[in-house]
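A.B. asks: Heads up: the sequence shown at position 210 corresponds to 210 in the UniProt record's numbering, and the numbers run straight through without jumps.
For every residue, glycine included, the Cβ atom is placed at its ideal position computed from N, Cα and C.
Sharing a structure here in structure tokens format.
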Amino acid sequence: MHTTYLRDLYHLHWPKVILVMLLLSVTVQEAVSQGQGYRRKHLEFYDDKPIHYGILFAMPFTRYAIKHNEQFMTGDTAYSIKSPTKAAFRMGFTVNAFLNERFDLRTTPSVSLYEREVRYSYPSSPEKIDKRESTWIEVPLLVKYKSQRRVNNRMYMIAGITMAIETNVRRGRGGGVGTLDTKSTDFTLDYGVGFEQFFEFFKFAPELRFSHGLGNVFQPSQNSLGKGIGRLSTHTVTLYLNFE
Numbered sequence: 001m002h003t004t005y006l007r008d009l010y011h012l013h014w015p016k017v018i019l020v021m022l023l024l025s026v027t028v029q030e031a032v033s034q035g036q037g038y039r040r041k042h043l044e045f046y047d048d049k050p051i052h053y054g055i056l057f058a059m060p061f062t063r064y065a066i067k068h069n070e071q072f073m074t075g076d077t078a079y080s081i082k083s084p085t086k087a088a089f090r091m092g093f094t095v096n097a098f099l100n101e102r103f104d105l106r107t108t109p110s111v112s113l114y115e116r117e118v119r120y121s122y123p124s125s126p127e128k129i130d131k132r133e134s135t136w137i138e139v140p141l142l143v144k145y146k147s148q149r150r151v152n153n154r155m156y157m158i159a160g161i162t163m164a165i166e167t168n169v170r171r172g173r174g175g176g177v178g179t180l181d182t183k184s185t186d187f188t189l190d191y192g193v194g195f196e197q198f199f200e201f202f203k204f205a206p207e208l209r210f211s212h213g214l215g216n217v218f219q220p221s222q223n224s225l226g227k228g229i230g231r232l233s234t235h236t237v238t239l240y241l242n243f244e
């Protein structure tokens, strides 16, 4: 029987809270701009340049989506296998290529420091926790749709795919009985929304992006911790702070 903990519900609501805060900030900015009358337009010819560069800092909230196999009901002694949402850190740079008035081509190569967990609950034994501390290099290819710019504000939507490679792989780490084995590559489907604020010398853009793993990162082995698992896929919600 699967048990839902209050702390898990708390983490699951974080993406919704961030999205609401982002939308509220856009509404407030729009109301303030309408009430101020004339405002100076910063970086007026920003879109005339074909390519822009920048840096980013981000906070991902990540977990594994777990699909059980047939052995979970018959041969596995665990009655619950789950992955709680964990906060992480990401930093990288941005390359944005202008396509036309509405669309850009964008990539944000970055380094991410993750700590994912898989928790095993047993009816008559203490809970087991398998921690996955890892460093990943992630290279997305994204298409960006921009709204019409209103003085110094602009909304945008973004979508694409990301290739990810784990860099601190320890060979044979899943061969023992105490750790779960996972693959060192991943592909994700990404989409999100953002809000651009133009200042005198730079552009700041908070962004909320959702990522869903397309592949199965579970590596079958003789490990006892993998007996009840048929598929592991990554799910991540990330708050970006972009500076260009």
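1) On the DSSP letters alone, give me the boundaries of the beta strand (DSSP E) that ASN100 sits inside.
2) Relative to the C-alpha of THR162, which residue among LYS146, THR188, LYS183, ILE137 is closest?
3) So what's TYR191 in DSSP terms, helix, strand or just coil?
4) Go ahead and label LYS203 buried or exposed: buried means 16 or more other beta carbons lie within 10 angstroms of its beta carbon, across all protein chains shown.
5) How is LEU122 classed by DSSP in three states: helix, strand or coil?
6) State the DSSP-derived secondary structure class of TYR46, mapped to helix, strand or coil.
7) Using a Cβ-Cβ cutoff of less than 7 Å, which residues in the same chain neighbour GLY192 once the five nearest sequence positions on both sides are dropped?
8) Pairing CB atoms from the stretch 46–55 with CB atoms from the stretch 219–232, are three or more of them under 8 Å?
9) Label ARG63 either buried or exposed according to how many other C-beta atoms from any shown protein chain fall within 10 Å of its C-beta, with 16 as the threshold for buried.
10) Report the partner residues of TYR79 according to the DSSP bridge assignment.
11) Which same chain residues end up closer than 7 Å to LEU180 when comparing Cβ atoms and leaving out the 5 residues on each side of it in sequence?
12) Tell me the DSSP secondary structure of LEU208 in three-state form.
13) Starting from PHE243 and walking both ways along the beta strand (DSSP E), at which residues does that stretch end?
14) I need the DSSP call for GLY160, collapsed to helix, strand or coil.
15) To which residues does DSSP link SER112 through a beta bridge?
16) Who are the near neighbours of ILE89 in its chain, counting only those whose CB is closer than 6 Å to its CB and skipping five residues on each side?
17) Let me make sure I understand the geometry here. Which of ASP104, PRO84, SER184, ARG149 has the alpha-carbon closest to that of GLY160?
18) ASN69 to PRO140, Cα distance in whole Å?
19) Using CA atoms only, rank isn't needed, just tell me which of LYS183, LEU241, LYS128 is closest to GLY213.
C.D. replies: Quick answer:
1) Premise fails: ASN100 is in no beta strand (DSSP E) and is neither H nor E.
2) THR188
3) strand
4) buried
5) One point to set straight first is that residue 122 is Tyr, not Leu, in the sequence displayed. Coil.
6) helix
7) ILE158, GLU207, LEU208, ARG209, PHE210
8) no
9) buried
10) Per DSSP, none; premise fails for TYR79.
11) VAL118, ASP130, GLY174, ASN223, LEU225, GLY226
12) strand
13) 229–243
14) strand
15) ARG90, TRP136
16) The residue asked about is misnamed: residue 89 is Phe in this sequence, not Ile. Excluding residues within five positions, the ones whose Cβ falls inside 6 Å are LEU113.
17) ASP104
18) 31 Å
19) LYS183
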